[in-house]
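Chains as they are written, first to last, in our numbering: chain B, 1 to 175; chain G, 1 to 175; chain A, 1 to 175; chain L, 1 to 175. Read the structure below first, then the notes.
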DNA sequence: GATGAATGAGGTTTCATTCAT
DNA sequence: AATGAATGAAACCTCATTCAT
């Protein structure tokens, strides 16, 4: 267990990479955990900031179709995963998952989704909004992240976005 | 980095838990990585053995409907994730994702899926079989694993299985 | 080595407590040792200033009995240990004993004692003045300091002073 | 604060001096504090073992005079302080005093003293046995330790022992 | 083979000290 | 002069790995 990127994330290396001394790092963060959390939080905020960029135009009371909304959300999710993929990966593989990451990109994205879907409840096939939000968020995120790691070409060609739209719209919309 | 229960996965503790000496462990595995890999492989095999149990009855050239097949696959995936959830989680957090895990549960399940779907290509809406397999496998796995960690009640009530079937069948089947 | 309250004695904390910047501290003291020494010296002077208050009335050539003198010295020693007990303790635990502290409260008190006793040599039972001074000073100091730390009630009730007087007068005076 | 013997007591140096690796040290002691405590305890036990050697002959119900007893106790205390003076000093200056050392040589010696004196209460001038024990123990210990550090010649010539006996017997015995 | 005490590189963290502002 | 952020040597401690028994 020596190598690549995982145990590589040491406080001394973070400090060096950041161009500060290890002492300075500890002036801002009381310990490694808090440093990791701060990085994760910052990264999540960056992602959300970008997401807003894609989602704002939709407006909350807009009369866009669910299809349009979905498409935009997927586009946002793809864009968001391009923010800092290396950091994203390290955070997802270093930070005890549920405890920290859940609070961050997951929860935030779920909130956005929930409020979008709540307004269009009558057009939705699934009845349990909470469950639906969980499924959508998780599916989008895992497919995009998985593609990023294992099938990057699917993102470049736009194929994944297309299929995600098909997958989720068929599920969400009443026939 | 406190422990959060998972940094507890040290070679000495693995040996003790396994009831052998640390020295014996190193007689079988040259280093921690290989030990982890072997554990992962064994676990993946356990999962596949159980999966076969669910999938064998379908037969390869059977004339079951895709819906039936999907339902059975989902059932298999849920069962399979109950094999040793704690170990499963530890492995997912310890083993560098793409490099090892892909070789294991992912790849195996993908193969099973591919051969099932290949025989029913004409009934499928999506055209790119490879992409479809990726999407199905990933979606099933991430939703079940995610529920296991964050929403275990969804598994107990069977809700998740139901929704997964809805999600994937609507996507897969021609209208 | 947890803190136990006394490893808390860091230069930065001293500066903060003193209301100056750490930079300013280092303008006056070249290093921690010299700072500690200065603190110890100041503290010792404070103690001596107070001691003089008790001892001056005795006068050097006064014709007070040794008993009176002893009593006053003990009173002075008790008062002196109330000056800043916390600082006193910290200094005793931080400053290498023999090298610094000897120069301070010990030596000064010994000088005072020596000159008092020298004038009454003929009334003293012990013959070696130097040794006597060592014993008296050390006994007074260690019993008062020890009581301060471990048996503060002995100081409040005045019991310790009484016993110290008995202990030392029986030793010093000819029968 | 760089130098001599105080901050010198690091875990790595202890390990090196003990001829073991730092890892081995931590196999036996969970942290530095416990190591220090164990050293202190061992040292205190060594001292007590030697003390018993001097005190056993007295017997508990013996009819030795208090003078004889005192003399023997002082002799024991002097011998005891020769056990490992360097270690003794480090322990006294490193270990948060009251918390650890008190439990050790102090308490043990106090117990021995108390039981000796309790049997001869009617011959004692002081009335408060507890206070007397505190005074005797502390006086013996501080004078011997102080001489060891600052006036070693007093120990070699036996002068200190003599004066201690005079000091304490005059105090203890009824006239 | 099996054992587990021993190893030590390297990780996290502290704190005396410096120096640009 | 005064400030306090920055520095980094060095402390404590962990854990994958070795090797004498």
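Ideal placement from N, C-alpha and C gives every residue a C-beta, glycine not left out. Quantities reported herein were computed from a predicted structural model and do not represent experimental measurements.
- In this structure, residue 147/G sits away from residue 165/G, with a CB-CB distance that is not shorter than 9 Å.
- Residue 20/A: not part of any alpha helix (DSSP H); DSSP gives it neither H nor E.
- If you look at residue 85/A, you'll find it in the alpha helix (DSSP H) that goes 85–94.
- Between residue 142/L and residue 157/A, the C-beta gap is not smaller than 9 Å, which leaves the two residues out of contact.
- The beta carbon of residue 70/L lies closer than 8 Å to those of 165, 168, 169 and 172 in the same chain, with the five residues before and after it left out.
- When the alpha-carbon of residue 57/B is set against those of 79/B, 119/B, 72/B and 117/B, the nearest one is in 72/B.
- Among the residues facing chain L, residue 151/A is included, as its CB has a counterpart in that chain under 9 Å away.
- Taking 9 Å as the CB threshold, residue 116/G stays off the interface with chain B.
- Within chain L, no residue has its CB atom less than 7 Å from the CB of residue 10/A, the nearest being about 10 Å off.
- Taking each of 55/L, 134/L, 53/L and 63/L in turn and checking the Cα distance to residue 110/L, the smallest one comes out for 134/L.
- At a cut-off of 9 Å, the C-beta of residue 161/A has no neighbouring C-beta in chain L.
- Between residue 113/L and residue 136/L a beta carbon distance of about 6 Å is seen, short of the 8 Å cut, so the two are scored as contacting.
- Note on geometry: alpha-carbon atoms of residue 149/L and residue 82/L lie some 12 Å from one another.
- Residue 124/A is bridged by DSSP to 173/A.
- The beta carbon of residue 111/B does not come within 9 Å of any beta carbon belonging to chain G, so the residue lies off that interface.
- Identification of chain B residues near residue 135/G by a Cβ-Cβ cut-off of 7 Å yields 143, 163 and 167, ordered along the chain.
- Cβ atoms of residue 76/G and residue 51/G come within 8 Å of each other, at about 5 Å.
- Taken in chain order, the members of the region 120–131 of chain A whose beta-carbon sits within less than 8 Å of a beta-carbon on chain L are 125, 126, 128 and 131.
- Spatial neighbours of residue 18/B in its own chain (CB-CB distance under 8 Å, excluding positions within 5 residues in sequence) are listed in chain order as 25.
- Relative to the Cα of residue 123/G, the nearest Cα in the group 95/G, 175/G and 38/G belongs to 175/G.
- Judged by DSSP secondary structure, residue 67/G falls within the alpha helix (DSSP H) whose first and last residues are 66–81.
- Sequence-distant Cβ neighbours of residue 117/B in its own chain, meaning closer than 7 Å and more than five residues away, are 124, 129, 132 and 133.
- Residues are counted here when their Cβ sits less than 9 Å from a Cβ of chain B; for the region 28–45 of chain G these are 31, 32, 33 and 36, given in chain order.
- Contact annotation, residue 80/G with residue 47/G: C-beta distance approximately 4 Å; criterion of less than 8 Å satisfied.
- Taking a beta-carbon distance threshold of 9 Å, residue 147/G counts as an interface residue toward chain B.
- Around residue 154/B, the beta-carbon contacts reaching into chain G at under 8 Å are 131 and 134.
- In this structure, 37/A is the residue among 37/A, 115/A, 107/A and 155/A with its C-alpha nearest to the C-alpha of residue 87/A.
- For residue 13/A, no chain L residue has a Cβ inside 9 Å of its Cβ, as the nearest lies near 14 Å away.
- Pairing residue 94/L with residue 29/L gives a Cβ-Cβ distance that is not under 9 Å.
- At least 9 Å separates the CB of residue 17/B from every CB of chain G.
- Rounded to whole angstroms, residue 32/G and residue 11/G show a C-alpha spacing of 7 Å.
- By the CB criterion at 9 Å, residue 66/A and residue 120/A fall inside the cutoff.
- Judged by DSSP in its simplified three-state form, residue 31/B adopts coil rather than helix or strand.
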